[in-house]
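Everything on this sheet refers to the single structure shown next.
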Ligand code: PA5
């Protein structure tokens, strides 16, 4: 495994002094390890890669096998932390086209109130064999509950109550909440969303594991990657721990005025990974009028839309680039005897080679010419193990980063405000 974080493309005057902050990092690490900081009852993810319920993972694999045999499509019904991680993993590993040879086609509902999108999904699945995985910690999230009610009714009408019982899996709290009660009453197979792990840290639990397994991905490999990262990022020494280095650098950039972090990559497959990453940092840190706002771009595509701003616009952003050395697949540029497009200088070259040159040229343009601080995170390749490793890297960095900022990384009080207003306008009893 090789994950390398590089800070060489950060201008000297924007680079934090590790030595000066070594003790601060040590003391926050202690808070994380001993669970003494704000939000300390949501640190279950730290040791989950070794403490997880092995019997439950066996059950997840068995149920996913049975789903793969009996149904074409899995509809994942969840929102925010209850779906982004699974989708990020499935797209990063299987690609963007829904059909893949490895497992079920996975679609997503419950993440929106958009009637057009919901209609389109329902139309698409109505005559196909589909199963549903409903995921909600609280069991009361409006988007998820409304969509699940629709899906449940559709399934029961199509294959009867007994059939629906086989085709529905619920991931929720082990005892509490409306979804737990419904699942118990209906007799659905359930998996546990641990109480001490918040939504945006839950991709490593059944929330992520079950849909990922249905997509034909080996979840034991993902867990191995998580485990390895837990070990590799356990040091409290800032000079040894790259994930704490990343947290410290982003905190310093925030303090000197860089209030936007752009996650960039050169592969379309990582667009949802960027969405997951955005939620992780924004929901964890955006409190008390503080924090870096995260955004994302896919290059080279977005160089043709956002590139101008990055290069020459307001100096408010820095970039964190996920660079994968070897793509899973490659494509060669053919020779053309007429060469009317003038591309024969690239004939025989692979797209990965051209993409890499674009990466190198852009890195230099943005950092050296444009003065935009660039952090690079390089992986040799993207595979299931490395993705688990990367998930853990970001989660631990996020905890450190939020504590450096002085906020509770594990709550999200601001999210409730829109819900209360919406419930009031909808006439929900009690609002
Ligand atoms: O990370 C979070 O806490 C949120 O994104 C929640 O996961 C999201 O709001 C869904 O909540 P629930 O799982 O209770 O339906």
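Residue numbers (our numbering): 31 to 461.
Beta carbons: idealized from backbone N, C-alpha and C, even for Gly.
This structure is a prediction, so every number in the text was calculated from the model and none was measured.
Inter-segment contact for the segment 312-327 and the segment 438-446 is present: three or more beta-carbon pairs are separated by less than 8 Å.
Excluding residues up to 5 positions away in sequence, 35 and 352 lie with their Cβ nearer than 6 Å to the Cβ of residue 407 in the same chain.
Sorting 259, 198 and 362 by C-alpha distance to the C-alpha of residue 216 places 198 at the top. Annotated three-state conformation of residue 271 is coil, per DSSP.
In this structure, residue 402 and residue 340 form a Cβ contact; the two beta carbons are roughly 6 Å apart against a cut-off of 8 Å. According to DSSP, residue 326 shares a beta bridge with 293.
Close CB contacts of residue 330 within its chain, under the 8 Å cut and outside five residues either way in sequence, are with 296, 385, 388 and 392 (chain order). Contact fails between the segment 318-333 and the segment 141-160, because fewer than three Cβ pairs, one in each stretch, are under 8 Å apart.
Distances taken from the Cβ of residue 74 to the heavy atoms of the ligand PA5 include none shorter than 7 Å. Around residue 432, the same chain offers 314, 315 and 439 as residues with beta carbons nearer than 6 Å, after the five sequence neighbours per side are excluded. Using a Cβ distance threshold of 8 Å, residue 60 and residue 73 do not count as a contacting pair. Here residue 426 is buried, its C-beta having at least 16 other C-beta atoms within 10 Å. Collapsing the DSSP output to three states places residue 245 in coil. Take residue 185, set aside five residues on each side of it, and the residues of its chain with a beta-carbon closer than 6 Å to its own are 194 and 197, in chain order.
Rounded to whole angstroms, the gap between the alpha carbons of residue 156 and residue 218 is 21 Å.
For residue 211, the enclosing alpha helix (DSSP H) starts and ends at 208-216.
When the alpha-carbon of residue 47 is set against those of 153, 283, 458 and 136, the nearest one is in 283.
Across the structure, residue 347 and residue 80 are spaced so that their CA atoms are roughly 37 Å apart. For residue 103, the enclosing beta strand (DSSP E) begins and ends at 103-107. The closest heavy atom of the ligand PA5 lies less than 7 Å from the beta carbon of residue 229.
Assignment of beta-bridge partners to residue 186 by DSSP yields no partner. By the Cβ criterion, the segment 258-269 is not in contact with the segment 87-105, since fewer than three pairs of Cβ atoms, one from each stretch, lie closer than 8 Å.
C-alpha of residue 43 to C-alpha of residue 286: approximately 10 Å in a straight line.
Taking a C-beta distance under 8 Å as the contact criterion, residue 223 and residue 236 qualify as a contact pair. Distance from the C-beta of residue 305 to the nearest heavy atom of the ligand PA5 is not below 7 Å.
Distance from the CA atom of residue 67 to the CA atom of residue 227, rounded to whole angstroms, is 15 Å. Per DSSP, the unbroken alpha helix (DSSP H) holding residue 148 starts and ends at 145-155. As DSSP reads the structure, residue 139 sits in a beta bridge with 107.
Placement of the Cβ of residue 110 at a distance of less than 7 Å from at least one heavy atom of the ligand PA5 is found.
Remark: the shortest separation between the CB of residue 32 and any heavy atom of the ligand PA5 does not fall under 7 Å. Rounded to whole angstroms, the Cβ separation of residue 213 and residue 132 is 28 Å, and the two are not in contact under 8 Å. For residue 309, the CB contacts under 7 Å within the same chain, skipping 5 residues up- and downstream, are 110, 111, 114 and 230 in chain order.
DSSP, reduced to helix, strand and coil, places residue 161 within a strand of the structure shown. Contiguous alpha helix (DSSP H) elements confined to the segment 317-392 occur at 337-342, taking only those with 4 or more residues.
Placement of the Cβ of residue 166 at a distance of less than 7 Å from at least one heavy atom of the ligand PA5 is found. Note: residue 221 is bridge-paired with 201 in the DSSP secondary-structure output.
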